[in-house]
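Our numbering applies: residue 10 is where the sequence shown begins, and numbers increase by one.
From the three backbone atoms N, C-alpha and C, an ideal C-beta is built for every residue, glycine too.
No experiment lies behind these values; they were computed from the predicted model shown.
The block underneath contains the structure these notes are about, expressed in structure tokens.
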Amino acid sequence: MSAVLLKSRWPLAALLLLSCLPSSALAQRVSAKDRAASEALVQRMAAAEQRYKDAVVLVRNGDAKGVEESNAALEDMEDVVDACAKQKGCPMSDMLAAWKRLLKTEVDVASEEDEGLEEDEPLEADTALAADIPEAARTIRLLGEDRRHAFDHMVQFNPAIQAGIRRWLTDMRPQLMTSYENYQYMRHLMWPEFERRGLPEALLFGIMAKESNGRVHATSRAGAAGPLQFMPATGRRFGLGPDGTGFDTRYDPRSAAAASAAYLNERLQQLNNDLEMSLAGYNGGEGRALRVHRANGGTGFWNVSAYSEFPPETRDYVPMVIAAAWIYLHPKQYGVVFPKVEPHPATLKLAAPASIYELTICLGNAGSRDGYMRALRNLNPRYEADSWIPAGTVLNATTHIASLYQRHCTGGARAQLAQALVRADPTAALVRDTPAGTVAVGNLVPLPGVAAAPAPAPKARAKPSSYRVAKGDTLGRIAQKHGCDVKSLARANGLKAPGYSVRAGQQIKLDGCRG
Numbered sequence: 010m011s012a013v014l015l016k017s018r019w020p021l022a023a024l025l026l027l028s029c030l031p032s033s034a035l036a037q038r039v040s041a042k043d044r045a046a047s048e049a050l051v052q053r054m055a056a057a058e059q060r061y062k063d064a065v066v067l068v069r070n071g072d073a074k075g076v077e078e079s080n081a082a083l084e085d086m087e088d089v090v091d092a093c094a095k096q097k098g099c100p101m102s103d104m105l106a107a108w109k110r111l112l113k114t115e116v117d118v119a120s121e122e123d124e125g126l127e128e129d130e131p132l133e134a135d136t137a138l139a140a141d142i143p144e145a146a147r148t149i150r151l152l153g154e155d156r157r158h159a160f161d162h163m164v165q166f167n168p169a170i171q172a173g174i175r176r177w178l179t180d181m182r183p184q185l186m187t188s189y190e191n192y193q194y195m196r197h198l199m200w201p202e203f204e205r206r207g208l209p210e211a212l213l214f215g216i217m218a219k220e221s222n223g224r225v226h227a228t229s230r231a232g233a234a235g236p237l238q239f240m241p242a243t244g245r246r247f248g249l250g251p252d253g254t255g256f257d258t259r260y261d262p263r264s265a266a267a268a269s270a271a272y273l274n275e276r277l278q279q280l281n282n283d284l285e286m287s288l289a290g291y292n293g294g295e296g297r298a299l300r301v302h303r304a305n306g307g308t309g310f311w312n313v314s315a316y317s318e319f320p321p322e323t324r325d326y327v328p329m330v331i332a333a334a335w336i337y338l339h340p341k342q343y344g345v346v347f348p349k350v351e352p353h354p355a356t357l358k359l360a361a362p363a364s365i366y367e368l369t370i371c372l373g374n375a376g377s378r379d380g381y382m383r384a385l386r387n388l389n390p391r392y393e394a395d396s397w398i399p400a401g402t403v404l405n406a407t408t409h410i411a412s413l414y415q416r417h418c419t420g421g422a423r424a425q426l427a428q429a430l431v432r433a434d435p436t437a438a439l440v441r442d443t444p445a446g447t448v449a450v451g452n453l454v455p456l457p458g459v460a461a462a463p464a465p466a467p468k469a470r471a472k473p474s475s476y477r478v479a480k481g482d483t484l485g486r487i488a489q490k491h492g493c494d495v496k497s498l499a500r501a502n503g504l505k506a507p508g509y510s511v512r513a514g515q516q517i518k519l520d521g522c523r524g
């Protein structure tokens, strides 16, 4: 469970003391008015107890509202107990019984958490969803009664995999943790696509960790793009590429996961369900993998005659993917504690125009070491980090991010600070020297009795019609500097989403800019 309910702040000893008062002290003559007041307190306690139980359900479902609701319910119960202690004839024993039930609920929840720590989390998979896919038949058989260890049986755990695990757990541990954190935000978009096709989730995580560390906008020098690094031609075969708006769906987590699962199943069918050889095809080219497979009589990736025919990059890729997947399945075995992430999906509606940079600053990093820029970018891949997004736009987020947005980004000091930081123009820091023998207008001191002549009005600068791209410029920064809309500027210069790439020295037409 991602959140832990806060323990009661009301001292249990005080309740026990009240419950143990002599009966003669409590059995006072009670009026009808006192009985009615006492009954109302009993009902309030019952309502607060039910509210607390409902909050427990929310917490178990990963809803961030659960902790807030449980705390509010506890405060209600404390108020009721306090009022009961002052109310003549109030049945404190009933209040104590409700409190004991609440404590038992917390113990039960804690027990469930402890039981969950005894073993690694099992993979959930619905084999019926993939039963009609012939190439997934081996996976389905391996799932059998024990779904958790399906991936374990699909691969060989050999010294090469152990060496990969060693690398992930030493110098590459930061990348592993980052990959896990990024994946958790996108899991609800990506995992179902593998599950529908009968493939283990661990395999998805391993590929994504090795390919991109879970960065949706990752690109390679060779032209691969997206969280699962599809080349343009391969992507087109599986429905990825520019859509009607110009957005390249290789950057979309759900579409990329669906294409990756389809591609892997195609390789499994072609390569006799050899997962290692299929991964080699994923990295080193399907044609090469098929040729090696046939030339070596299907002996498998680890046979030296097949292994030696793949380039070093592929020989590294296969064990590293499997190693990351293995750790994902068995973190406790290796002393791995993955970052806690609150990934419950939600949306937020922009109250004012903003960029992801601005949102990252005003959100802060409460609940996350590195803040939320990567989560926002991964969940909203159509937007560049520095491009202005119109007010009213609905962004994908999490319940926690949406809560932080409402608290810090819709107004107030932090929102204003974020705007100022994002819109700061470094060139405004430059000071222009005053020519020798002259005095700056601001330093003129009028003679006594003589009115100072008004300073001449500054000449209006002509609006520039073009701009030469400087080193480090992005289209978003150019648009911000000259008061342009990024998409309009991109259209005027024939630049394609989502990269809107510009190069130093390039001349950009400033059509439609305020100057």
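A Cβ-Cβ contact shorter than 9 Å links V350 with S377. Annotation for I517: the continuous beta strand (DSSP E) segment containing it runs 516–518. About 5 Å separates the beta carbons of M86 and A57, which is inside the 8 Å limit, making them a contact pair. If you check the CB distance, E322 and S269 do not come in under 9 Å.
With fewer than three CB-CB distances shorter than 8 Å, the region 170–184 does not count as touching the region 236–247.
DSSP places R477 in the strand class (E or B) of the three-state scheme. Straight-line spacing of the CA atoms in T408 and K341 works out to 28 Å.
Under the 8 Å Cβ criterion, the region 349–364 does not count as touching the region 208–224, having fewer than three qualifying pairs. In the three-state reduction of the DSSP assignment, V403 falls in the strand class. In this structure, DSSP gives L105 a helical state, which the three-state scheme calls helix. When DSSP reads this structure, I398 sits in a beta bridge with A363. Taking a C-beta distance under 9 Å as the contact criterion, G235 and H226 qualify as a contact pair. Judged by DSSP secondary structure, A82 falls within the alpha helix (DSSP H) whose first and last residues are 74–95. If you draw a straight line from the Cα of L50 to the Cα of A411, it is about 36 Å long.
Counting only residues of its own chain and dropping the five nearest sequence neighbours on each side, D379 has no CB closer than 7 Å to any other CB. Nearest to Y509 by C-alpha distance, out of G492, V478, C522, is V478. The beta-carbon distance between V345 and K219, rounded to whole angstroms, is 17 Å. This is too long to meet the 8 Å contact definition. DSSP, read as helix, strand or coil, puts K349 in coil. Per the C-alpha coordinates, the member of A92, L338, I336, W311 positioned closest to D325 is W311. The beta carbon of F319 sits closer than 6 Å to those of A289, G293, all from its chain and outside the five residues before and after it, given in chain order. In the displayed model, L357 falls within a strand according to three-state DSSP.
Per DSSP, Q193 is one residue of the alpha helix (DSSP H) stretching across 182–205. Taking all protein chains in view, the Cβ of S287 is crowded by 16 or more other Cβ atoms within 10 Å, so the residue is classified as buried. The secondary-structure analysis by DSSP pairs A234 across a beta bridge with T228, F239.
One thing to note: L280 has its Cβ within 9 Å of the Cβ of G307.
Counting only the Cα atoms, W200 lies some 38 Å from R432. Taking the Cα of Y192 as reference, the smallest distance to any Cα among G98, Y337, L208, Q515 is reached at Y337. Non-local beta-carbon contacts of A82 in its own chain, meaning distances under 7 Å to residues more than five positions away in sequence, involve A57, R60, Y61, A64 in chain order. Judged by DSSP in its simplified three-state form, P251 adopts strand.
For Y381, there is no enclosing alpha helix (DSSP H), as DSSP marks it with neither H nor E. Rounded to the nearest whole angstrom, the CA to CA distance from D88 to A427 is 40 Å. By the C-beta criterion, the region 415–430 is judged not to be in contact with the region 386–395, since fewer than 3 inter-stretch pairs fall below 8 Å. Between the alpha carbons of C99 and E84 lies a gap of roughly 19 Å. Assigned with DSSP and collapsed to three states, D283 falls in coil, not helix or strand. Beta bridge pairing from DSSP links D257 with P251. Taking a C-beta distance under 9 Å as the contact criterion, M382 and L368 qualify as a contact pair.
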